[in-house]
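Asker:
Protein chains: 2
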Amino acid sequence: MRVTINDIAKVAGVSPSTVSRVIANNPKISAATREKVFKIMQEMNYHPNIIARSLANQSTRIIGVVIPGMADKAFQHPFYPEILRGISSIAYKNKYNILISSIGNPEEEKHSVKQFACGGITEGIILLASRTRNSSVSELLKLDFPFVLVGKPENDHEVNWVDNDNFAIGYQLTQHLIEQGHRKIAFIGVVPEHFVTMDRLNGYKQALQEHGIPCDEQLIVESRFITDNGYDLMKKLLERGKLPTGVIGCDDLLCFGAMKLITERGLKIPEDIAVAGFNNVPLADYSHPPLTSVEINAFSLGSKALELLLAALHSEYQSFNRAIIPAKLVIRESTLSRR
Amino acid sequence: MRVTINDIAKVAGVSPSTVSRVIANNPKISAATREKVFKIMQEMNYHPNIIARSLANQSTRIIGVVIPGMADKAFQHPFYPEILRGISSIAYKNKYNILISSIGNPEEEKHSVKQFACGGITEGIILLASRTRNSSVSELLKLDFPFVLVGKPENDHEVNWVDNDNFAIGYQLTQHLIEQGHRKIAFIGVVPEHFVTMDRLNGYKQALQEHGIPCDEQLIVESRFITDNGYDLMKKLLERGKLPTGVIGCDDLLCFGAMKLITERGLKIPEDIAVAGFNNVPLADYSHPPLTSVEINAFSLGSKALELLLAALHSEYQSFNRAIIPAKLVIRESTLSRR
DNA sequence: CTGAAAGCGCTTACAG
DNA sequence: CTGAAAGCGCTTACAG
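If you read the sequences in order, they're chains A and B.
The UniProt record's numbering numbers the first residue of the first sequence as 1 and each following residue consecutively.
The UniProt record's numbering numbers the first residue of the second sequence as 1 and each following residue consecutively.
1. Is Phe320/A near the ligand ADP - that is, is its Cβ less than 6 Å away from at least one heavy atom of it?
2. Got a sec? Which residues, its chain only, sit under 7 Å from Val281/B by beta carbon, not counting five neighbours each side?
3. Of all Cβ atoms in chain B, is any one closer than 7 Å to the Cβ of Phe167/A?
4. Exposed or buried, which one is Asp39/A when buried takes at least 16 other CB atoms within 10 Å?
5. Work out the CA separation of Thr263/B and Pro256/A for me, nearest whole Å.
6. Quick check on Lys304/A: buried or exposed, where buried means 16 or more other Cβ atoms within 10 Å of its Cβ?
7. Measuring only between beta-carbons, confirm whether Arg339/A sits less than 7 Å from chain B.
8. As a quick exercise: from Lys235/A, Gly120/A, Arg2/A, Asn105/A, pick the residue whose alpha carbon is nearest that of Ser54/A.
9. Return the bridge partner residues of Ser293/B from the DSSP annotation.
10. Taking beta-carbon pairs under 8 Å, can you tell me which members of the region 212-233 of chain B lie near chain A?
11. Excluding the five sequence neighbours on either side, which residues of its own chain have a C-beta within less than 7 Å of the C-beta of Arg200/A, listed in chain order?
12. Apply the 10 Å Cβ neighbour rule to Arg339/A and answer buried if 16 or more other Cβ atoms are within range, or exposed otherwise.
13. Can you find a C-beta in chain B that's less than 7 Å from the C-beta of Gly277/A?
14. Helix, strand or coil for Asn160/A per DSSP?
15. Would you tell me roughly how many angstroms separate the C-alpha atoms of Ala31/B and Val14/B, rounded to the nearest one?
16. Following the continuous beta strand (DSSP E) through Gln50/B, name the residue where it begins and the one where it ends.
17. Identify every run of the beta strand (DSSP E) within the region 225-266 of chain B, keeping only runs that are complete inside it and at least 3 residues long; order them along the chain.
18. Count Cβ pairs between the region 228-247 of chain B and the region 259-275 of chain A that sit closer than 8 Å; are there 3 or more?
19. Thr122/B and Ile62/B: beta carbons closer than 7 Å?
20. Hey, does Glu333/A have any beta-carbon neighbour from chain B nearer than 7 Å?
21. Show which residues of chain A have a CB atom less than 7 Å away from the CB atom of Met70/B.
22. Does the separation of the CB atoms of Val191/B and Ser223/B fall below 7 Å?
23. Check whether the region 75-91 of chain B and the region 324-337 of chain B touch, using three or more Cβ-Cβ pairs below 8 Å as the test.
24. For Gln209/A, count neighbouring Cβ atoms within 10 angstroms of its own Cβ and tell me buried if that reaches 16, exposed if not.
25. Please confirm whether Ser136/B has its beta-carbon closer than 7 Å to some beta-carbon of chain A.
26. State the Cα-Cα distance for the pair Ala312/B and Gly124/A, rounded to the nearest angstrom.
27. Which of the three DSSP states, helix, strand or coil, is assigned to Val19/B?
28. How is the alpha helix (DSSP H) around Ala129/B delimited, first residue to last?
29. Rounded to the nearest angstrom, how far is the Cβ of Leu310/A from that of Asn97/A, given a contact under 8 Å?
30. DSSP state of Val281/B, grouped into three classes?
31. Determine, for residue 340/B, whether the minimum Cβ-Cβ distance to residues of chain A falls below 7 Å.
32. So, at 8 Å on beta carbons, what are the nonlocal neighbours of Pro289/B in its own chain, with the 5 sequence-adjacent residues on each side left out?
33. Which chain A residues sit within Cβ distance under 7 Å of Ser54/B?
34. Closest to His194/A by C-alpha separation, out of Leu128/A, Gly241/A, Asn160/A, Arg265/A, would be which residue?
35. Between Leu233/A and Ile188/A, how many whole angstroms is the CB-CB distance? I'm expecting something under 8 Å.
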């Protein structure tokens, strides 16, 4: 069916080895035969079979991306496409391809990870963390298969990982609100199983403490899922009889919901309540008022993750590396008191 | 290094063929040897090499997904993850894997498409349309490689494709506004190169016409990119001296921007201006006020696309199929006049 | 500079 | 029910 190396070898009157060497740009081939073979390859519309090459080379140039959150609606967060873009940009530069896990539930995730790691399809895996206890991490560790985690692992030392400094981010955003004169600052959307939210919360607590503001646990609203909506969380907060002057939401999307409730209650943002989020989603600019947030550079999280992975694959010596991607406070109207 | 079929054959004292048959669950193998071989496979932690199997089978069970819009920020639209989820759900059920194109610019896209199609890695391709003139379509057509387009092609007849009926959707949404008493309805965000937006616009025009409302071209605001923001488009509209009572944005995200400007100008939604969009992004529920939109079922677009592709791959006879995914008007406060 | 041969790890008619 | 052999389409030491 398809044109193979043998077909063009025959037509060119050379051996398959020679054709292979022409393709590989082996310098030992004479210019004459190189030309001749190339011409015939063109004419016969030859394209190397990547699978065969992978088998012979023992190298597939495919990396797997496992997205645990893909099952649920959270996957619609702009964060994920940005990470994928980042991964993809580095993949292209290094002639790698990206295989993504097709997963609905944790069962399928496990299966995907196993298949990627044991099936010899992928050379390495990028795992997008979503839960604190990620069984895929221990699985990959057990298999001794190269991978990079996007997000903080349970144990720093045996894993390659990339993340923001979420503690610092939480601290920074809280400090910004304190500087704007707030002392009653709520923190909504903490999911205890998610390191990200816990780290941000701890940053918040630290900032309060350093400014001599006692931490009121009643101002902290937990959430069971990262997808819970801010509207309900905000409502829960108000039902506790707490009326903060500032609200930090663990994600911008939560903030939009919270802002809706605040407005419905006839309160003004930022005059009555300032609101700030994390992740700087594109819409943060277009909410009403525009939302102060923290740009986490998801693109860089992705590209750096693949860089680490490729480094690990091509390095002779094993080491466990970590990369912290800088984040940046983006101040908008939702936290600007006009005093 | 890795355990191969030969290794376990030796240990089990059978031939590699037998091991292969055990793996393939060939019924001709005796229960006894089956058990024995399975046990040793377990003990030795054997996993078949997918690449080798692909080469022998001439079947990779990998399908490629090419995302032309991946280059730009538009990829952050919740639409894409949803499509991917849809594709992925069907992929998992059919034991297929998904390879995504790593592309930044049209050049890279072309390269990806060629590689996927000619390299023998993927058995078929799902192409997410983004431009009217998609060179990848003609490329794949020329290569006679199986693919399904998500979005409407230039020529219906030679392509498998999946889409919503965007004309009907545009019509439906416009009619809803007309029913709410609006006669001065603007339509913003038309990108002439995008079939989607043109079809929706034509539906709008048709609805106006059927209700005896003359179409005022001044009320239609074009956009150069799908990523243009609604804030600016809305501003452009108002600068023309046109003050509609209803605004339809070609995408919900545009509407959020438009709503921001409207509110800034001291106008009320929906009392002064009703706003409605398409695509029903998750945030439509949480905007202020909640945004009327059209649910396009992106998940189904994706899953149906893969279903069509698999059908095409496994069918003996070639045919060009088309699937229209139903959409549903979701009415929220942004268009509910309280008269 | 080029070719014959072995090998990558599997599958599958063909015999028996 | 099982094995020996050929083959999938490449690559790459080894000779020459």
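Glycine included, C-beta positions come from ideal geometry on N, C-alpha and C.
Every value quoted in this text rests on a predicted model; they were computed, and no experiment measured them.
Answerer: Reading it off the structure:
1. In terms of ligand content, the structure shown is empty, and the ligand ADP therefore cannot be addressed.
2. Looking up residue 281/B in the second sequence gives position 281. Around Val281/B: Pro78, Asp252, Leu253.
3. The count along the first sequence starts at 1 and reaches residue 167/A at position 167. With 7 Å as the cut-off, Phe167/A does not count as an interface residue toward chain B.
4. Position 39 of the first sequence, counting from 1, holds the residue named residue 39/A. Residue identity check: residue 39/A is Lys in the sequence provided, not Asp. Per the 10 Å Cβ criterion, exposed.
5. As a working note, residue 256/A is residue 256 in the first sequence. As a working note, residue 263/B is residue 263 in the second sequence. It should be noted that the sequence gives Phe, not Pro, for residue 256/A. Whole-angstrom Cα-Cα distance: 16 Å.
6. Reading the first sequence from its first residue, position 304 is the one you call residue 304/A. Lys304/A should be labelled buried.
7. In the first sequence, residue 339/A corresponds to position 339, counting from 1. Below a pLDDT of 50, predicted positions are generally treated as unreliable, and Arg339/A, at 48, falls in that range; no measurement from the model is reported.
8. In the first sequence, residue 54/A corresponds to position 54, counting from 1. Closest by alpha carbon: Gly120/A.
9. In the second sequence, residue 293/B corresponds to position 293, counting from 1. The partner list for Ser293/B (beta bridge, DSSP) reads Val330/B.
10. Asn229, Gly230, Tyr231
11. Here residue 200/A refers to the residue found at position 200 when the first sequence is read from its first residue. Within the same chain, Arg200/A has close Cβ partners Asn166, Ile169, Gly170, Cys250, Phe278.
12. Position 339 of the first sequence, counted from the first residue, corresponds to residue 339/A. Bear in mind that the predicted position of Arg339/A carries a pLDDT of just 48, short of 50, making it unreliable; the figure below should be weighed with that in mind. Per the 10 Å Cβ criterion, exposed.
13. Taking the first sequence and counting its residues from 1, one reaches residue 277/A at position 277. For Gly277/A, the answer is no, since every Cβ of chain B falls outside 7 Å of its Cβ.
14. Within the first sequence, the letter at position 160 stands for residue 160/A. Here Asn160/A sits in strand by DSSP.
15. For the purposes of this step, residue 31/B is taken as the residue at position 31 of the second sequence. For the purposes of this step, residue 14/B is taken as the residue at position 14 of the second sequence. Looking at the two C-alpha atoms, the distance is approximately 14 Å.
16. Taking the first residue of the second sequence as 1, we reach residue 50/B at position 50. Correcting the residue identity first, residue 50/B is Ile in this sequence and not Gln. Run containing Ile50/B: none in the beta strand (DSSP E); it sits in the alpha helix (DSSP H), 50-57.
17. 246-249
18. no
19. Reading the second sequence from its first residue, position 122 is the one you call residue 122/B. Reading the second sequence from its first residue, position 62 is the one you call residue 62/B. Yes.
20. Locating residue 333/A in the first sequence gives position 333, counting from the first residue. Taking Cβ atoms only, chain B never reaches closer than 7 Å to Glu333/A, which makes this a no.
21. Stepping through the second sequence from its first residue, residue 70/B is reached at position 70. The contacting residues are Arg85, Ser88.
22. On the second sequence, position 191 is the one that residue 191/B refers to. On the second sequence, position 223 is the one that residue 223/B refers to. Closer than 7 Å, so yes.
23. no
24. To locate residue 209/A, count along the first sequence from 1; it is residue 209. Under this definition Gln209/A is an exposed residue.
25. As a position in the second sequence, residue 136/B is number 136, starting the count at 1. Chain A, which has no Cβ nearer than 7 Å to the Cβ of Ser136/B, makes this no.
26. Stepping through the second sequence from its first residue, residue 312/B is reached at position 312. Stepping through the first sequence from its first residue, residue 124/A is reached at position 124. If you take the alpha carbons of Ala312/B and Gly124/A, they lie about 32 Å apart.
27. Mapped onto the second sequence, residue 19/B falls at position 19. Note: Val19/B maps to helix in three-state DSSP.
28. As a position in the second sequence, residue 129/B is number 129, starting the count at 1. Run containing Ala129/B: none; DSSP gives neither H nor E here.
29. Translated into positions along the first sequence, residue 310/A becomes position 310. Translated into positions along the first sequence, residue 97/A becomes position 97. No, Leu310/A and Asn97/A are not in contact; Cβ-Cβ is about 13 Å, not under 8 Å.
30. For this step, residue 281/B is matched to residue 281 along the second sequence. Correct three-state label for Val281/B: coil.
31. With chain B running from 1 to 339 in the structure shown, residue 340/B is simply not present.
32. By 1-based counting over the second sequence, the position of residue 289/B is 289. Result list for Pro289/B: Ile269, Pro270, Arg332, Glu333, Ser334, in chain order.
33. Taking the second sequence and counting its residues from 1, one reaches residue 54/B at position 54. Near Ser54/B (Cβ distances below 7 Å), the residues of chain A are Ile51.
34. Within the first sequence, residue 194/A is the residue found at index 194, counting from 1. For His194/A, the nearest C-alpha among the options comes from Leu128/A.
35. Residue 233/A sits at position 233 when you count from the first residue of the first sequence. Residue 188/A sits at position 188 when you count from the first residue of the first sequence. About 4 Å; that satisfies the 8 Å criterion.
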